[in-house]
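Working notes for the structure below.
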Ligand code: ATP
Ligand code: LTN
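Residue numbers (this note's numbering): 323 to 657.
Quick look at the structure:
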């Protein structure tokens with residue numbers, strides 16, 4: 323990692339709350355590997371965020387490890403990027419508390435993810451779910467990140483991060499870099515196959531979600547069953563949520579424009595189109611799955627790089643945290 327002084331910093335994370343989905347992959351993970359050449363990248367397992375929704379401890383532990391293997395299979399190279407566990411870097415929780423005191427309840431009340439998740443988990447609307455975006459702000463600001471590659475659903479949290487950082491910088495002096503969210507042109511919001519007006523999400527277990535570890539048969543079946551309209555024409559248009567979503571998936575993987583896709587499938591039915599989408603998705607995931615199996619067989623390797631990555635991340639994070647502690651006015655008896 324020599325020669326990185328002038329490189330811009332990238333940070334991102336995914337919650338290890340289950341098997342990652344095609345949405346996680348096309349909206350976020352796929353970009354990460356590409357960014358490693360030009361940026362100094364920090365990629366974390368957002369496990370502190372994950373407990374905002376109840377987890378079964380043994381499954382949660384296993385999901386963390388599996389998600390690390392998926393990161394590697396997707397091309398994250400620990401020689402180039404820092405791969406770490408959020409819970410192993412105490413500065414995340416420490417900065418989050420400070421930033422809680424610089425975030426207004428009015429701002430948190432506007433967060434759509436909170437509104438959405440509190441309806442879905444009505445029996446467990448906890449404080450962590452509410453202050454979740456502040457922890458995310460801490461994740462980003464600790465590393466003085468310039469860019470944060472995420473799916474569209476996270477852009478509102480990025481706006482909040484910027485607002486809180488600007489507020490803190492104004493209250494004291496320049497402390498945080500003001501980060502920017504980065505989304506893809508296609509694939510930034512993949513919708514559920516069974517309810518195409520809703521985001522595809524890893525905590526939805528039905529056939530609407532394609533998981534990155536689904537076999538080809540399963541992928542083909544889920545796509546064949548995807549909800550579409552009765553128009554019968556492969557064309558991107560308002561209201562054709564199901565077809566628009568399949569076109570976005572096809573476009574994100576093949577790089578073809580919507581116009582190209584419309585010509586390719588002119589005069590053909592949804593059946594042909596769905597089969598083609600299924601093929602490209604299964605192909606893309608298939609390559610990744612064999613890499614995944616290879617990493618899963620090497621537990622010691624993954625553990626070691628998580629330990630080293632988390633140490634490296636802690637070193638950087640601690641520097642920002644001490645700056646913040648000093649500015650806020652915490653008394654330091656060692657100085
Ligand atoms: P959960 O269901 O546990 O809330 P999730 O599937 O929404 O999880 P996150 O861990 O919250 O996934 O998201 C990780 C990253 O993947 C974020 O950058 C997010 O924007 C992106 N992402 C998640 N779902 C999609 C989707 N359907 N389309 C595009 N990007 C997505
Ligand atoms: N909130 C994100 C996951 C996440 C994240 C981050 C993404 C936690 N911390 C920092 C980017 C940067 C989500 O996708 N739900």
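The C-beta atom is built at its ideal place from N, Cα and C for all residues, glycine as well.
Keep in mind that this is a model prediction, so the values were computed, not measured.
Quick test of your reading: residue i and residue j, contact by CB under 8 Å. State the CB separation rounded to the nearest angstrom.
{"i": "residue 340", "j": "residue 522", "result": "Actually they do not touch by this definition, with Cβ atoms about 12 Å apart."}
{"i": "residue 458", "j": "residue 483", "result": "7 Å"}
{"i": "residue 528", "j": "residue 516", "result": "6 Å"}
{"i": "residue 570", "j": "residue 508", "result": "5 Å"}
{"i": "residue 505", "j": "residue 524", "result": "Actually they do not touch by this definition, with Cβ atoms about 18 Å apart."}
{"i": "residue 596", "j": "residue 568", "result": "7 Å"}
{"i": "residue 465", "j": "residue 333", "result": "5 Å"}
{"i": "residue 646", "j": "residue 331", "result": "Not confirmed; about 17 Å, so no contact."}
{"i": "residue 575", "j": "residue 603", "result": "7 Å"}
Does the Cβ of residue i lie closer than 8 Å to at least one heavy atom of the ligand LTN?
{"i": "residue 390", "result": "no"}
{"i": "residue 371", "result": "yes"}
{"i": "residue 334", "result": "yes"}
{"i": "residue 620", "result": "no"}
{"i": "residue 435", "result": "yes"}
{"i": "residue 411", "result": "no"}
{"i": "residue 362", "result": "no"}
{"i": "residue 377", "result": "no"}
{"i": "residue 462", "result": "yes"}
Any idea which residues DSSP pairs residue i with across the strands?
{"i": "residue 386", "result": "The partner list for residue 386 (beta bridge, DSSP) is empty, contrary to what the question assumes."}
{"i": "residue 334", "result": "365"}
{"i": "residue 469", "result": "332 and 502"}
{"i": "residue 520", "result": "In DSSP, residue 520 forms no bridge with anything."}
{"i": "residue 406", "result": "366"}
{"i": "residue 343", "result": "533"}
When we look at the beta-carbon of residue i and count the other beta-carbons within 10 Å, is it buried (16 or more) or exposed?
{"i": "residue 606", "result": "buried"}
{"i": "residue 572", "result": "buried"}
{"i": "residue 534", "result": "buried"}
{"i": "residue 393", "result": "buried"}
{"i": "residue 431", "result": "exposed"}
{"i": "residue 326", "result": "With a pLDDT of 49 at residue 326, under the threshold of 50, the modelled position of that residue is not reliable, and the figure given next carries that caveat. Exposed, because fewer than 16 other Cβ atoms sit within 10 Å of the Cβ of residue 326."}
{"i": "residue 379", "result": "exposed"}
{"i": "residue 488", "result": "exposed"}
{"i": "residue 651", "result": "exposed"}
{"i": "residue 632", "result": "buried"}
{"i": "residue 446", "result": "exposed"}
{"i": "residue 338", "result": "buried"}
{"i": "residue 669", "result": "For residue 669 there is no data in the structure shown, the boundaries of the chain being 323 and 657."}
{"i": "residue 600", "result": "buried"}
{"i": "residue 629", "result": "exposed"}
Got a sec: does the ligand ATP put a non-hydrogen atom nearer than 8 Å to the Cβ of residue i?
{"i": "residue 473", "result": "yes"}
{"i": "residue 515", "result": "no"}
{"i": "residue 350", "result": "yes"}
{"i": "residue 339", "result": "yes"}
{"i": "residue 526", "result": "yes"}
{"i": "residue 274", "result": "Here the chain has residues from 323 to 657 only, and residue 274 is not among them."}
{"i": "residue 476", "result": "yes"}
{"i": "residue 343", "result": "yes"}
{"i": "residue 573", "result": "no"}
{"i": "residue 523", "result": "yes"}
{"i": "residue 368", "result": "yes"}
{"i": "residue 385", "result": "no"}
State the start and end residues of the unbroken beta strand (DSSP E) segment that holds residue i.
{"i": "residue 568", "result": "From DSSP, residue 568 is part of no beta strand (DSSP E) but of the alpha helix (DSSP H) over 563 to 576."}
Along the chain, where does the alpha helix (DSSP H) containing residue i start, and where does it finish?
{"i": "residue 533", "result": "That residue, residue 533, is in no alpha helix (DSSP H); it is neither H nor E in DSSP."}
{"i": "residue 644", "result": "621 to 650"}
{"i": "residue 441", "result": "434 to 442"}
{"i": "residue 415", "result": "413 to 422"}
{"i": "residue 428", "result": "427 to 431"}
{"i": "residue 491", "result": "477 to 493"}
{"i": "residue 618", "result": "592 to 618"}
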